[in-house]
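Written below as structure tokens is the structure these notes are about.
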Amino acid sequence: MKAIVTVIGKDTVGIIANVCSLLAQNGVNVLDISQTVMREYFTMIMLVDTAGCKVDFAALADILKKDGQEHGLDIRIQREDIFEAMHRI
Amino acid sequence: MITTSEILETIEMISQQHLDIRTVTMGISLRDCGHPELKTCCDRIYDKITRRAEKLVKTGEDIEREFGIPIVNKRVSVTPIAIACECCETEDYVPFAQTLDRAAKTVGVNFIGGFSALVQKGFTQGDRKLIRAIPEALRVTERVCSSVNVGSTRTGINMDAVALMGRIVKETADISQGQGCAKLVVFCNAVEDNPFMAGAFHGVGEPECVINVGVSGPGVVHSALKKCAGQPLNVAAEVIKKTAFRVTRMGELVAQEASRRLGVPFGIVDLSLAPTPAVGDSVADILEELGLESVGAPGTTAALAMLNDAVKKGGVMASSNVGGLSGAFIPVSEDAGMIRAAAAGKLTIEKLEAMTCVCSVGLDMIALPGDTSAETIAAIIADEAAIGMINQKTTAVRVIPVPGKTVGDFVDFGGLLGRAPIMRVNPASPAVFIGRGGRIPAPVNSLKN
Numbered sequence: 001m002k003a004i005v006t007v008i009g010k011d012t013v014g015i016i017a018n019v020c021s022l023l024a025q026n027g028v029n030v031l032d033i034s035q036t037v038m039r040e041y042f043t044m045i046m047l048v049d050t051a052g053c054k055v056d057f058a059a060l061a062d063i064l065k066k067d068g069q070e071h072g073l074d075i076r077i078q079r080e081d082i083f084e085a086m087h088r089i
Numbered sequence: 001m002i003t004t005s006e007i008l009e010t011i012e013m014i015s016q017q018h019l020d021i022r023t024v025t026m027g028i029s030l031r032d033c034g035h036p037e038l039k040t041c042c043d044r045i046y047d048k049i050t051r052r053a054e055k056l057v058k059t060g061e062d063i064e065r066e067f068g069i070p071i072v073n074k075r076v077s078v079t080p081i082a083i084a085c086e087c088c089e090t091e092d093y094v095p096f097a098q099t100l101d102r103a104a105k106t107v108g109v110n111f112i113g114g115f116s117a118l119v120q121k122g123f124t125q126g127d128r129k130l131i132r133a134i135p136e137a138l139r140v141t142e143r144v145c146s147s148v149n150v151g152s153t154r155t156g157i158n159m160d161a162v163a164l165m166g167r168i169v170k171e172t173a174d175i176s177q178g179q180g181c182a183k184l185v186v187f188c189n190a191v192e193d194n195p196f197m198a199g200a201f202h203g204v205g206e207p208e209c210v211i212n213v214g215v216s217g218p219g220v221v222h223s224a225l226k227k228c229a230g231q232p233l234n235v236a237a238e239v240i241k242k243t244a245f246r247v248t249r250m251g252e253l254v255a256q257e258a259s260r261r262l263g264v265p266f267g268i269v270d271l272s273l274a275p276t277p278a279v280g281d282s283v284a285d286i287l288e289e290l291g292l293e294s295v296g297a298p299g300t301t302a303a304l305a306m307l308n309d310a311v312k313k314g315g316v317m318a319s320s321n322v323g324g325l326s327g328a329f330i331p332v333s334e335d336a337g338m339i340r341a342a343a344a345g346k347l348t349i350e351k352l353e354a355m356t357c358v359c360s361v362g363l364d365m366i367a368l369p370g371d372t373s374a375e376t377i378a379a380i381i382a383d384e385a386a387i388g389m390i391n392q393k394t395t396a397v398r399v400i401p402v403p404g405k406t407v408g409d410f411v412d413f414g415g416l417l418g419r420a421p422i423m424r425v426n427p428a429s430p431a432v433f434i435g436r437g438g439r440i441p442a443p444v445n446s447l448k449n
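This is the structure we're talking about:
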């Protein structure tokens with residue numbers, strides 16, 4: 001299943017490395033990354049494949065959310081379908 | 001591939017503009033639960049609801065986490081109890097409400113709808129018993145919602161039922177300090193697949209079990225409109241339409257997913273714009289964004305008509321299974337902007353009545369002085385029913401005559417039901433009119449065949 005990970009928050013050193021290693025530890029494959037810094041806010045969007053994920057989707061979402069809170073970031077993972085539904089006819 | 005800006009737009013809608021699925025409601029038929037013995041009848045109802053809806057809340061929560069979209073309420077609606085339990089040889093229907101309440105608590109839903117009767121053309125024995133039980137049923141239960149349909153375009157208005165419901169609303173308020181009335185709706189042209197409380201019930205033409213979804217998003221529409229300030233209204237209508245399309249697509253996706261996981265057919269998506277008391281989740285704010293100093297000002301009805309129509313146009317394109325009420329809700333106590341305008345005297349019951357001609361659903365969550373007579377409440381119900389009957393639309397009345405309170409006071413219902421100022425009611429008496437009883441015959445526009 002494809003999903004979108006979004007990371008939004010104040011820019012600090014090592015955000016990408018941290019999120020990528022968390023995903024790797026849980027068996028999630030990163031397919032695409034785009035990132036930008038708007039003013040001092042860091043915004044990263046990743047397209048990932050959760051087919052090989054070792055934990056269920058809800059647990060993965062919790063792991064990411066918790067890690068985000070520890071680093072002052074808002075990290076979400078959502079199934080790609082929701083964006084397709086809202087923005088494509 | 002979806003673009004970055006589209007992804008961020010969706011996340012902003014969810015995190016800052018209160019975009020959510022307002023309710024996933026499971027409709028369950030109780031037509032096979034009737035039994036002459038009260039205990040057997042209640043056991044059958046409890047068993048069926050708890051079996052069918054066992055996984056409803058858990059499934060809703062799973063979907064919430066996977067899509068990252070809040071599903072605020074998970075609810076159950078059932079066949080009107082006056083129909084489902086009519087063969088039961090009991091005079092007292094309160095135990096049925098207690099059974100529904102117990103089942104709702106077991107499966108973890110916050111409201112269960114269907115303590116209802118459909119009496120638009122007359123009463124059966126079961127209808128009379130059910131209506132008589134409403135005040136006590138709403139006093140002793142926490143999660144049960146009740147509704148009574150007193151009129152329709154096809155049948156006209158049952159004015160005996162209207163008069164009776166005036167007394168029932170009054171009695172319900174008197175024995176529950178007004179709280180019970182927040183769970184009691186009087187309808188004209190009630191719909192059978194409405195997922196929203198307090199008026200939800202599972203109609204007799206519905207399947208065994210069904211999933212209906214109500215979307216929301218006044219905050220999203222409001223934010224979108226801010227970007228086209230000062231432009232002509234047709235431009236604003238287009239913005240509303242596009243926003244409604246997105247919100248509805250999300251609702252359709254969630255509905256299909258819930259239906260698949262629960263193994264229950266998908267019924268409808270209800271397109272209603274439903275406010276909450278939270279700041280930024282208000283239908284009144286949308287109307288004011290369109291250029292009114294306050295909701296209730298002249299122009300409010302026109303603005304609301306445009307809003308409601310644009311929401312439907314966007315929604316219809318987004319889902320092929322649109323149903324329920326599908327219109328803008330204007331519940332006074334549940335909308336921060338409506339509360340503000342009513343408290344300032346800029347929004348009156350008469351203006352709200354006019355607004356119900358162009359949107360769903362009716363005079364909703366309006367607090368009245370405690371000394372408002374049963375006849376006046378009945379007459380308010382009759383007026384709303386007449387609007388529904390003639391305009392071939394659903395209308396409803398959910399008013400709360402709060403004991404001991406008068407114009408200028410506030411009443412707090414708690415949680416999603418919000419708080420409301422007591423509104424002024426026209427003091428002239430309709431008692432003789434209501435006392436005549438009988439029926440208002442079906443209007444000529446009912447003769448379509």
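So the protein sequences, as listed, match chains A and B. The letter at position 68 of the first sequence is residue 68 when you use the numbering used here, and the numbering goes up by one with no holes. The letter at position 414 of the second sequence is residue 414 when you use the numbering used here, and the numbering goes up by one with no holes. Heads up, the beta-carbon is just placed ideally off N, CA and C, and yes, glycines get one too. None of the values given here were measured: they were computed from a predicted structure.
At a cut-off of 7 Å between beta carbons, A/Ile-15 makes no contact with chain B.
Every unbroken stretch of the alpha helix (DSSP H) spanning 4 or more residues and falling wholly within the stretch 172 to 226 of chain B is given here in chain order: 218 to 226. For B/Tyr-93, there is no enclosing alpha helix (DSSP H), since its DSSP letter is neither H nor E.
For B/Met-338, the enclosing alpha helix (DSSP H) covers residues 336 to 343.
Comparing alpha carbon positions, the residue from B/Ala-341, B/Asp-160 and B/His-222 closest to B/Ile-440 is B/Asp-160. Taking every protein chain shown into account, the CB of B/Met-338 has 16 or more other CB atoms within 10 angstroms, so this residue is buried. Across the structure, B/Ser-216 and A/Gln-69 are spaced so that their CA atoms are roughly 28 Å apart. Taking B/Asp-412 as the centre and dropping the five residues before and after it, the same chain places the C-beta of Arg-419 closer than 6 Å to its C-beta, in chain order.
Take B/Lys-129, set aside five residues on each side of it, and the residues of its chain with a beta-carbon closer than 7 Å to its own are Glu-91 and Tyr-93, in chain order. Note on geometry: alpha-carbon atoms of A/Thr-12 and A/Val-19 lie some 13 Å from one another. Taking C-beta atoms under 8 Å as the contact rule, B/Val-140 and B/Gln-98 qualify, at a distance of about 7 Å. Under the Cβ criterion (8 Å, minimum of three pairs), the stretch 71 to 89 of chain A counts as touching the stretch 2 to 14 of chain B.
Assignment of beta strand (DSSP E) within the stretch 413 to 449 of chain B, counting only whole runs of 3 or more residues, yields 419 to 421 in chain order.
According to the DSSP secondary-structure assignment, B/Cys-145 is paired through a beta bridge with B/Gly-113. Counting the other CB atoms within 10 Å of its CB gives B/Thr-106 a total below 16, which places it among the exposed residues. The contact set of A/Gln-78 on chain B, defined by CB atoms closer than 7 Å, consists of Phe-67 and Gly-68 in chain order.
Contact with chain B is found for A/Ala-85, since one of that chain's Cβ atoms lies less than 7 Å from the residue's Cβ. Listed along the chain, the chain A residues whose CB falls inside 9 Å of the CB of B/Arg-246 are Ala-85, Met-86 and His-87. By the criterion of a C-beta distance shorter than 6 Å, B/Gly-323 is surrounded in its chain by Asp-193 and Ile-268, once the five residues flanking it on both sides are discounted. When the alpha-carbon of A/Gln-25 is set against those of A/Gly-9, A/Met-44, A/Leu-64 and A/Thr-6, the nearest one is in A/Leu-64. The beta carbon of B/Cys-228 sits closer than 7 Å to those of Val-235, Ala-236 and Val-239, all from its chain and outside the five residues before and after it, given in chain order. If you check the CB distance, B/Leu-347 and B/Ser-272 do not come in under 7 Å. According to the DSSP assignment, B/Arg-75 belongs to no alpha helix (DSSP H) but to the beta strand (DSSP E) extending over 71 to 78. Just measuring C-alpha positions, the residue of B/Glu-54, B/Ile-21 and B/Asp-174 sitting nearest B/Val-402 is B/Asp-174.
When the five nearest sequence neighbours on each side are left out, the beta carbons in the same chain lying within less than 8 Å of the beta carbon of B/Arg-249 are those of Ala-318 and Ser-319, in order along the chain. For A/Gln-78, the three-state secondary structure derived from DSSP is strand. Our two residues, A/Leu-23 and B/Phe-266, have alpha carbons roughly 35 Å apart in a direct line.
Its chain contains no residue whose beta carbon lies nearer than 6 Å to that of B/Glu-54 once the 5 sequence neighbours on both sides are disregarded. The DSSP-derived three-state label of B/Ile-11 is helix.
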